[in-house]
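A quick write-up on the structure given underneath.
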Amino acid sequence: MTAIALGADHAGFPLKEDLKAWLIGRGYDVVDCGTQSPEPVDYPDFAALVASAVTTGKASRGVLVCGSGLGMSMAANKVAGIRAAACADAYTARLSREHNDANVLALGARITARDAAVEILETWLGAAFAGGRHTPRVAKLGALDRAHGEHDAPAR
Ligand code: RB5
Numbered sequence: 133m134t135a136i137a138l139g140a141d142h143a144g145f146p147l148k149e150d151l152k153a154w155l156i157g158r159g160y161d162v163v164d165c166g167t168q169s170p171e172p173v174d175y176p177d178f179a180a181l182v183a184s185a186v187t188t189g190k191a192s193r194g195v196l197v198c199g200s201g202l203g204m205s206m207a208a209n210k211v212a213g214i215r216a217a218a219c220a221d222a223y224t225a226r227l228s229r230e231h232n233d234a235n236v237l238a239l240g241a242r243i244t245a246r247d248a249a250v251e252i253l254e255t256w257l258g259a260a261f262a263g264g265r266h267t268p269r270v271a272k273l274g275a276l277d278r279a280h281g282e283h284d285a286p287a288r
């Protein structure tokens, strides 16, 4: 596995730092896309940086942290080729790899404590795409990117 790209907003910054230290301690190369302080920032900016690192091959996978994990996953999933999963437990983290071939993990620092986040991340990194019946389904996610990538949701 090449590097893991990490990104966070202000709410996710402290957990991002903890996960960065854990990854480095486990021998992973880390591409830290920020943020680098608890000053308020906008989560889509950091989701975009991590998504680009993954789609360009600078990193093999990405990890994003915001308050809930939701905004980061929504933003990352706007980028063609990204399959981001917001996970609050190890079971869904494992399934996101085995069934969905998730290439980005989104975590919520306000809902997941540091040790649980490490367990989720470790599970996610250790799980492999199962292929088989899941392959054409994941291919259809790519087809959705190609068919709808240039359209936005209607304004409200
Ligand atoms: C920031 O207050 C919070 O909205 C953000 O971290 C994230 O949870 C958004 O989805």
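Count the sequence shown with the working numbering and you get residues 133 to 288, in order. The beta-carbon is built from N, C-alpha and C at its ideal position, and this holds for glycine as well.
Just so you know, the alpha carbons of P146 and T187 end up roughly 26 Å apart. Each residue's CA atom was taken as its position, placing E230 and I136 some 18 Å apart. Taking the CA atoms as reference points, N209 sits about 26 Å from A153.
Taking 4 residues as the shortest admissible run, the region 187 to 242 contains the following complete alpha helix (DSSP H) segments, listed from N- to C-terminal end: 202 to 208 and 222 to 230. Going by C-alpha positions, V182 is about 10 Å away from M204.
One thing to note: A234 has its Cβ no nearer than 8 Å to the Cβ of A207.
Between the region 216 to 223 and the region 260 to 269, the count of Cβ pairs shorter than 8 Å is below three; the stretches do not touch. A distance of 8 Å or more separates the beta carbons of L155 and V197.
Per DSSP, A262 is not a residue of any alpha helix (DSSP H), being assigned neither H nor E. Membership of G274 in the alpha helix (DSSP H) is indicated by the continuous run H266 to H280. D150 is not bridged by DSSP to any residue.
The criterion of a C-beta distance shorter than 8 Å is satisfied by V173 and D141. Counting of Cβ neighbours within 10 angstroms places R269 among the exposed residues, the total staying below 16.
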